[in-house]
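See structure below.
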Ligand SMILES: *[C@@H]1O[C@H](CO)[C@@H](O)[C@H](O)[C@H]1NC(C)=O
Ligand SMILES: *[C@@H]1O[C@H](CO)[C@@H](O)[C@H](O)[C@H]1NC(C)=O
Ligand SMILES: *[C@@H]1O[C@H](CO)[C@@H](O)[C@H](O)[C@H]1NC(C)=O
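In mature numbering (1 follows the signal peptide of the UniProt record, and there is no 0), the protein residues as written are -23 to -1, 1 to 275.
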């Protein structure tokens, strides 16, 4: 059995090295689900129970009570370009929520977007696009491991030979070069769902942590963004890309309201990988489209 697994790892690595990825920065990495997914909601969502007056005018999980509650910026294009913003945004927001749940007092290793590429049904997501809600549906059922035992490779490899997917989420190699699947910490969520629009988004982010939202990203304002508040007056009617929204604020000089978000284009893009996007006017279609949230089981 162990030998079969070692062989499976070897075969898959060969497949990975030979695979050609067609996804590029110009491709759309957000894909609408064929059928809407049912949410799995157990507790009353914050936007239904919070008094709006408790929600502050500005809020940023990068600095709440002098604590940095968010996970690092990632790059979906290295080591191989992959249209999996949906996976980076979903596991990024979930990792943030684990940091929040532990009061950032415990080491939280970022969760693995690669697990989703390896194991999730391609209808939920792949290197050719996917959905953050689909990612949460997968994690709810199967759990997910972290990047120390399933590093990001930027390829779809949902076929680790004959080994069942739930046993491929974690692997390691020894100092003699022998690699095998192992059992590692696996993280689950207790519920997941969606919010839409400025008020629901703010209540959810404030009460429970970052969310994964989609935007129309094939706009120069987004693609060529280097800093400040992204402002694009065109009313887009669709979205192409998924990002994690971690807070909001208002520009002191111009009075423009904005969202704060983390992208997955590496730290060379935007403000060290982060962005601000005009808020309240459906900029890049962010507020008319659903955002996904999930509650980690701690
Ligand atoms: C920040 O501090 C306030 C006031 O003590 C507290 O109510 C709140 O729960 C804290 N937030 C977090 C995320 O720890
Ligand atoms: C994977 O799933 C199979 C069948 O559902 C189960 O028997 C097995 O114990 C699971 N393995 C792990 C590592 O969870
Ligand atoms: C979005 O839809 C509106 C109303 O139908 C239309 O006026 C607008 O041109 C559309 N925007 C784009 C970018 O296609």
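Ideal placement from N, C-alpha and C gives every residue a C-beta, glycine not left out.
Here the C-alpha atom of residue 38 lies approximately 12 Å from the C-alpha atom of residue 181. In this structure, the alpha-carbon of residue 99 lies about 17 Å from that of residue 129. Sixteen is the threshold: since fewer than 16 other Cβ atoms of the shown chains lie within 10 Å of the Cβ of residue 212, the residue is exposed. DSSP places residue 158 inside the beta strand (DSSP E), whose first and last residues are 156 to 158. About 6 Å separates the Cβ atoms of residue 218 and residue 6, confirming a contact at the 8 Å cut-off. Rounded to the nearest whole angstrom, the C-alpha separation of residue 186 and residue 84 is 18 Å.
With the criterion CB distance below 7 Å from any heavy atom of ligand 3, the matching residues run 211, 212, 213, 214 along the chain. A direct Cα-to-Cα measurement between residue 256 and residue 183 gives close to 16 Å. Remark: C-beta atoms of residue 94 and residue 112 do not approach each other more closely than 8 Å. Rounded to whole angstroms, residue 80 and residue 13 show a C-alpha spacing of 34 Å.
Residue 150 counts as exposed, since fewer than 16 other C-beta atoms from the protein chains shown sit within 10 angstroms of its C-beta. In this structure, residue 87 sits away from residue 61, with a CB-CB distance that is not shorter than 8 Å. Under the three-state reduction of DSSP output, residue 21 falls in the coil class, being neither helix nor strand. At a threshold of 7 Å, residue 41 counts as near ligand 1, since its beta carbon sits closer than that to one of the ligand's heavy atoms. A check of alpha carbon separations from residue 134 across 269, 274, 59 identifies 59 as the nearest.
Shortest gap from the CB of residue 32 to any heavy atom of ligand 1: 7 Å or more.
Between ligand 1 and the CB of residue 237, the shortest heavy atom gap is not smaller than 7 Å.
According to the DSSP secondary-structure assignment, residue 185 is paired through a beta bridge with no residue. Under DSSP, the beta-bridge partners assigned to residue 248 are 251. Residue 163 holds the alpha-carbon nearest to the alpha-carbon of residue 72 among 171, 103, 163.
For the options 241, 176, 27, the alpha carbon positioned closest to that of residue 49 is the one of 241. In this structure, residue 85 has its beta carbon at no less than 7 Å from each heavy atom of ligand 1.
In the pairwise beta carbon analysis, the segment 40 to 48 is classified as not touching the segment 102 to 111: fewer than three pairs are separated by under 8 Å. In this structure residue 251 is not in contact with residue 236, their Cβ atoms being roughly 11 Å apart against a cut-off of 8 Å. According to the DSSP secondary-structure assignment, residue 36 is paired through a beta bridge with 225. Relative to ligand 1, the beta carbon of residue 80 is positioned inside 7 Å of a heavy atom. Relative to ligand 1, the nearest heavy atom lies less than 7 Å away from the CB of residue 77. The continuous beta strand (DSSP E) containing residue 273 extends over residues 268 to 273.
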